[in-house]
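> Heads up: the sequence lines are chains A and B, in that order.
Last residue of the first sequence: 215 in the numbering used here, with the numbers rising by one and none dropped.
Last residue of the second sequence: 215 in the numbering used here, with the numbers rising by one and none dropped.
Glycine residues also receive a C-beta, built at the ideal position from the N, C-alpha and C atoms.
Take a look at this one; I'll ask things after.
There are 2 protein chains.
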Amino acid sequence: MPKQEAKALQKSRIQHQNRAVILAAALEVFSAYGYRGTTVDQIAAKAGLSKPNLLYYFRRKEDIYVAVMEETLDEWLKPLRVLDVKGEPIAELTRYISEKVDSSFAHPQASRLFANEILHGAPHIQKFLKGPLKALVEEKATVIRQWMADGKIAPVDSPHFIFSIWAVTQHYADFSVQVAAVLGEEPKRERVKQAVTEILLRGLQVGRTVFHAE
Amino acid sequence: MPKQEAKALQKSRIQHQNRAVILAAALEVFSAYGYRGTTVDQIAAKAGLSKPNLLYYFRRKEDIYVAVMEETLDEWLKPLRVLDVKGEPIAELTRYISEKVDSSFAHPQASRLFANEILHGAPHIQKFLKGPLKALVEEKATVIRQWMADGKIAPVDSPHFIFSIWAVTQHYADFSVQVAAVLGEEPKRERVKQAVTEILLRGLQVGRTVFHAE
DNA sequence: TCGGCTCTTGACCATTTGATCAAGAAATAA
DNA sequence: TTATTTCTTGATCAAATGGTCAAGAGCCGA
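Following this line, the structure appears as structure tokens:
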């Protein structure tokens, strides 16, 4: 019976669909309340399933969390991966910042989930940080250094510059409550994009004419 | 008996000392594990007290949290308060950034406690955000606008510039695990300070000569 | 239609955890 | 010393919560 062999791998329509529903619900709840602050019941309720039913798909709460985190990480890396040494530096960095701002506005939960994980010591993603992420940052820091060496941008500490881009763009997802409270209104995506790009990139531009005081 | 009247206000030596010990322990634990992730037992253990004893000083877990948060907020505001319109803009902003970086290195727990609170919707400090913080940011945004109007710095979106300073500097406390993992070592305070200052302020300087490519 | 596999759930369990309380120990004022 | 107030704690409770299980319902291929 071939059914036996396929059992472990093959996922039925229902499996596929329910796992997706659960992961979507879990992202919402985990990002809002943190790992410990989230109950399995909450996720089950949001997913429209009974608790034992949910635990039929993911045996432990932690398994759900890990699954959501894995889904998130890949998407998180994407925009940086395409930073291209052959492109025009300011255009490349502008695109990267733009995509990160878009991401903060479109998927704030993913950003918050990630932020919360790191804030609490990154117990589940140490390997990701020290492996793929470290490698990618080193690669892209080299790209930026190349641009500097070619005289295309002003000198800057490459890894710290990457950290700054992350910090500023993700701020609009992770600290959105604070931003909205201080501004007195929800920030506008395009306005944020423009402001952030200017703040982060203006200092890099070479041959730029700055108006002079007096 | 005057003792009766004073009872509610007066705090004995023991009261004073134990409250301080509890708040210090609570800051450590809350910042590491979040509100829900922290147990009263953990705080009591770290403070060297029995759980009922701890609850003699703070009747509820939430009371401890609120007390720690209040202690933290004031310190958080301090560096921004002294931003002076009469000072030299770049020097003033450099000092502000420097103090924020110092704060991230010296008191990362306070920053993380604050970050965690906001990340989860700021349920306990809405009033602080919409009141004192909003007012202060508006005041200091005006200071920056004045500098721009006087032609002392390049134009920039003031509130978003303040957000950027917060984001970048606090990143080294809130995301320190990520920073260390990606760099492969602990970042050096002075190096961070220099890099961050350059990234954030170079674009503001007026009459600056940037070397030109080729 | 039938047999087996997948999916679903009500009931239940063990542990954790915030909080209480009564009673004793220690400090303090008379 | 003595009386009173403050401080401390072992024992205990009720609720919340992660996880189990057996039994039933539903789906699907032969």
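1) So for I65 of chain B, helix, strand or coil by DSSP?
2) Tell me whether I154 of chain A sits in a helix, a strand or coil according to DSSP, three-state version.
3) Is Q43 of chain B closer than 8 angstroms to V30 of chain B when the C-beta atoms are compared?
4) Nearest-angstrom Cα distance between Y57 of chain A and H125 of chain A?
5) Listed from N- to C-terminal order along the chain, which residues in the stretch 98-127 of chain A have their beta-carbon within a distance smaller than 8 angstroms of any beta-carbon of chain B?
6) Find the residues of chain A that neighbour Q179 of chain B, judging by a C-beta separation of less than 8 angstroms, and give them in chain order.
7) Since V157 of chain B meets chain A, which of its residues come closer than 9 angstroms, beta carbon to beta carbon?
8) Using a Cβ-Cβ cutoff of less than 8 angstroms, which residues in the same chain neighbour A181 of chain A once the five nearest sequence positions on both sides are dropped?
9) Please list the partners that P160 of chain B has in chain A, where partner means a Cβ-to-Cβ separation under 8 angstroms.
10) Suppose contacts are defined by Cβ-Cβ distances below 8 angstroms. Is V69 of chain B in contact with L24 of chain B by that definition?
11) What residue range does the alpha helix (DSSP H) around V207 of chain B cover?
12) Give the interface partners of G38 of chain B over in chain A, defined as CB-CB distance under 8 angstroms, in chain order.
13) Interface residues of chain A around A168 of chain B at Cβ under 7 angstroms?
14) State yes or no: is the beta carbon of F176 of chain A nearer than 8 angstroms to at least one beta carbon in chain B?
15) Would you mind listing the alpha helix (DSSP H) stretches within the stretch 55-104 of chain A that are 4+ residues and don't spill past its ends, in chain order?
16) At the level of alpha carbons, what is the spacing between S165 of chain B and A168 of chain A?
17) For the structure I just gave you, are there three or more beta carbon pairs, one from the stretch 189-206 of chain B and one from the stretch 89-102 of chain B, closer than 8 angstroms?
18) For K194 of chain A, does the count of other Cβ atoms within 10 angstroms reach 16, so buried, or fall short, so exposed?
19) Rounded to whole angstroms, what is the Cα-Cα separation between I154 of chain A and Y36 of chain A?
Let me spell this out:
1) Reduced to three states, the DSSP call for I65 of chain B is helix.
2) Residue state, collapsed to three classes: strand.
3) In this structure, Q43 of chain B lies closer than 8 angstroms to V30 of chain B by Cβ.
4) When rounded, the distance between both Cα atoms is 22 angstroms.
5) Here the close residues are R113, A116, N117, I119, L120, H121, G122, A123, Q127.
6) Within 8 angstroms Cβ-Cβ: I119, A123, L130, L134.
7) Within 9 angstroms Cβ-Cβ: A196, E199, I200, R203.
8) Taken in chain order, the residues that qualify are E187, P188.
9) Going along chain A in sequence order, the residues near P160 of chain B (Cβ under 8 angstroms) are V183, L184.
10) Yes; because the gap between Cβ atoms is below 8 angstroms, this pair is in contact.
11) Secondary structure note for V207 of chain B: it is in no alpha helix (DSSP H), with a DSSP letter that is neither H nor E.
12) Simply G35, Y36, R37, G38, H121.
13) Chain A residues near A168 of chain B: A168, V169, H172.
14) True, the Cβ-Cβ gap to chain B drops below 8 angstroms.
15) Listed in chain order, the complete alpha helix (DSSP H) runs (minimum 4 residues) inside the stretch 55-104 of chain A are 62-82.
16) Going by the C-alpha atoms only, they are around 8 angstroms apart.
17) Touching, yes.
18) By the 10 Å Cβ count, K194 of chain A comes out buried.
19) Annotation: I154 of chain A to Y36 of chain A spans about 42 angstroms, alpha carbon to alpha carbon.
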